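**Q** Attaching a single structure in structure tokens format; questions to follow.
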Amino acid sequence: MDEAWAHAHRIDTSTAHPARRYNYLLGGKDYFPVDRDSGEEFERVSGSAKLTARENRAFLQRAVAFLATEGLDQFLDIGTGLPTADNTHEVAQRINPRSRVAYVDNDPLVLTHARAMLTSTPEGHSCYIEEDLRRPDKILNHPEVRAAIDLNRPLALMLVAVLHFIENDAEAHDIVQRLLDALPSGSYLVASHMTIDGNSPEQAAAYRALVAAGRIDAFTRSREQFSEFFAGLDLIGPGVEWVTDWPEPLPADQRPPGIAAYGAVGRKP
Ligand SMILES: C[S@@+](CC[C@H](N)C(=O)[O-])C[C@H]1O[C@@H](n2cnc3c(N)ncnc32)[C@H](O)[C@@H]1O
37 MDEAWAHAHR IDTSTAHPAR RYNYLLGGKD YFPVDRDSGE EFERVSGSAK LTARENRAFL
97 QRAVAFLATE GLDQFLDIGT GLPTADNTHE VAQRINPRSR VAYVDNDPLV LTHARAMLTS
157 TPEGHSCYIE EDLRRPDKIL NHPEVRAAID LNRPLALMLV AVLHFIENDA EAHDIVQRLL
217 DALPSGSYLV ASHMTIDGNS PEQAAAYRAL VAAGRIDAFT RSREQFSEFF AGLDLIGPGV
277 EWVTDWPEPL PADQRPPGIA AYGAVGRKP
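Be aware that the sequence shown starts at 37, since it is given in our numbering, and climbs by one per residue.
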């Protein structure tokens, strides 16, 4: 990406940002050298950051298609990421053109790209707001979110590859609970999360060292810890699984080795 443009738009190019690093790992072109270097370091240590990013994105798309096919037509997608192919509203509106999507991200670069690229079908609706997951009430009460989403009807709350940026467990659980409390019965939580459960002890130690040195800001959780976000929800399909294995568990010999993220979908009773 162009540094002069970034400077004019007051985009920080001196430290890696999750949205841009993820774009690099996905093979996009909306990143700066600092994001590429961070992505490559991530790849070196985990051995599977690019693969996991692609499989995580595929999980998001399968979950949206699944829910849209079930008749769900509202999506609150927090931690949107930079627009890429087959964003949430595109997948949902392909199945139901009347689908409505509110996107939320705290990265200003996402805002500039999203406003230009996240255009809805005429029958549906999509909006994008810059807000922080740490302020769930601000998100829920935002006028653009309220115009897009009817909180009296079931919707999908999407927290895909974003909860691992909230390090503190109590804070992360409080955020998810406050969001879920605002949703009616029949709503869904779609979430994925980075893990080092599948890494070798050496890889896991190297990853922890990277986090401790402040070189990566994705705080992994175990399967058990991630499952706790779904307490009180009815898990759909195989439950909490590797992102590759939802909704259809793969035979172990067909799962790409090194996947480092879990995914799950739960329904609020
Ligand atoms: C790894 S990307 C995931 C994008 C998309 N959800 C997906 O899974 O394909 C994480 C996104 O979460 C955003 N993010 C990180 N912390 C956030 C926070 N506290 N509030 C809102 N967005 C956040 C980043 O800017 C980035 O765009």
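We put the beta carbon where it would ideally sit given N, CA and C, even for glycine. No experiment lies behind these values; they were computed from the predicted model shown.
(1) Using only alpha-carbon positions, find the residue among L61, G160, R136, A101 that is nearest to L118.
(2) Taking a contact to mean a Cβ-Cβ separation below 7 Å, would you say D109 touches R134 in this structure?
(3) Could you give the DSSP three-state label for A192: helix, strand or coil?
(4) Mind checking who Q129 pairs with in its DSSP beta bridge?
(5) Pull up the DSSP beta-bridge partners for Y139, would you.
(6) Can you give me the C-alpha to C-alpha distance between I175 and D48, rounded to a whole angstrom?
(7) Indicate, with yes or no, if ligand 1 has a heavy atom lying under 6 Å from the CB of N235.
(8) Secondary structure at R326, three-state DSSP: helix, strand or coil?
(9) If you measure from the beta carbon of V181 to each beta carbon in chain C, is any gap under 7 Å?
(10) Should F111 and V70 be called a contact, given that it needs their Cβ atoms to be closer than 7 Å?
(11) Could you check how far apart the C-beta atoms of G314 and S84 are, in whole angstroms? I think they sit under 8 Å.
(12) Is it right to say E126 is buried, meaning 16 or more other beta carbons lie within 10 angstroms of its own, or is it exposed?
(13) Please classify P172: is it buried, with 16 or more other beta-carbons within 10 angstroms of its beta-carbon, or exposed?
(14) Would you check whether ligand 1 has a heavy atom nearer than 6 Å to the C-beta of V198?
(15) By the 10 Å Cβ neighbour count, where 16 or more other Cβ atoms means buried, how is M153 classified, buried or exposed?
(16) Alpha carbon to alpha carbon, how far is V146 from T116?
(17) Mind checking which residues open and close the beta strand (DSSP E) that includes R46?
(18) Ignore the nearest five residues each way along the sequence and tell me which others in E203's own chain have a CB closer than 7 Å to its CB.
(19) Does ligand 1 have a heavy atom nearer than 6 Å to the CB of Y139?
(20) Tell me the rounded alpha-carbon separation between R305 and L215.
(21) What does the alpha-carbon distance come out to for the pair F102 and C163?
(22) Taking its Cβ as the centre, do 16 or more other Cβ atoms sit within 10 Å of P190, making it buried, or is it exposed?
**A** With the structure as the only source:
(1) Within the sequence shown, numbered from 1, the residue matching residue 118 stands at position 82. For the residues L61, G160, R136, A101, the minimum Cα distance to L118 belongs to L61.
(2) In the sequence shown, the residue the question calls residue 109 occupies position 73. In the sequence shown, the residue the question calls residue 134 occupies position 98. Closer than 7 Å, so yes.
(3) Within the sequence shown, the letter at position 156 stands for residue 192. Correct three-state label for A192: strand.
(4) By one-based count along the sequence shown, residue 129 stands at place 93. None; Q129 has no bridge partner.
(5) As a position in the sequence shown, residue 139 is number 103, starting the count at 1. Its beta-bridge partners are D113, Y164.
(6) Counting from one through the sequence shown, the residue named residue 175 turns up at place 139. Counting from one through the sequence shown, the residue named residue 48 turns up at place 12. Distance between the alpha carbons of I175 and D48 is about 24 Å.
(7) Residue 235 sits at position 199 when you count from the first residue of the sequence shown. Outside the cutoff, so no.
(8) Within the shown structure, residues of the chain are numbered from 37 to 305, placing residue 326 beyond reach of any answer.
(9) As a matter of chain content, chain C is missing from the structure shown, which is built from one protein chain.
(10) Within the sequence shown, numbered from 1, the residue matching residue 111 stands at position 75. Within the sequence shown, numbered from 1, the residue matching residue 70 stands at position 34. No.
(11) Any property of residue 314 remains undetermined from this structure, which presents the chain solely from 37 to 305.
(12) Taking the sequence shown and counting its residues from 1, the one referred to as residue 126 is at position 90. By the neighbour-count rule (16 or more Cβ atoms within 10 Å), E126 is buried.
(13) As a first step, residue 172 must be located in the sequence shown, where it is residue number 136. Looking at its Cβ environment, which holds 16 or more other Cβ atoms inside 10 Å, P172 is buried.
(14) Residue mapping note: residue 198 aligns to position 162 of the sequence shown, counting from 1. Checking every heavy atom of ligand 1 against the Cβ of V198, one is found closer than 6 Å.
(15) As a first step, residue 153 must be located in the sequence shown, where it is residue number 117. It counts as exposed.
(16) Your numbering for residue 146 matches position 110 in the sequence shown. Your numbering for residue 116 matches position 80 in the sequence shown. The straight-line gap from Cα to Cα measures roughly 8 Å.
(17) Position 10 of the sequence shown, counted from the first residue, corresponds to residue 46. Counting along the chain, R46 falls outside any beta strand (DSSP E), and DSSP gives it neither H nor E.
(18) Taking the sequence shown and counting its residues from 1, the one referred to as residue 203 is at position 167. Cβ neighbours of E203 beyond the five flanking positions: F255.
(19) On the sequence shown, position 103 is the one that residue 139 refers to. Y139 Cβ: outside cutoff for every heavy atom of ligand 1.
(20) For the purposes of this step, residue 305 is identified with residue 269 of the sequence shown, where counting begins at 1. For the purposes of this step, residue 215 is identified with residue 179 of the sequence shown, where counting begins at 1. This sequence places Pro at residue 305; Arg is not what is there. If I take the Cα positions, the gap works out to 15 Å.
(21) Position 66 of the sequence shown, counted from the start, is the residue given in the question as residue 102. Position 127 of the sequence shown, counted from the start, is the residue given in the question as residue 163. Their backbone Cα atoms lie some 22 Å apart in a straight line.
(22) The residue labelled residue 190 in the question sits at position 154 within the sequence shown. Its Cβ being crowded by 16 or more others within 10 Å, P190 is buried.
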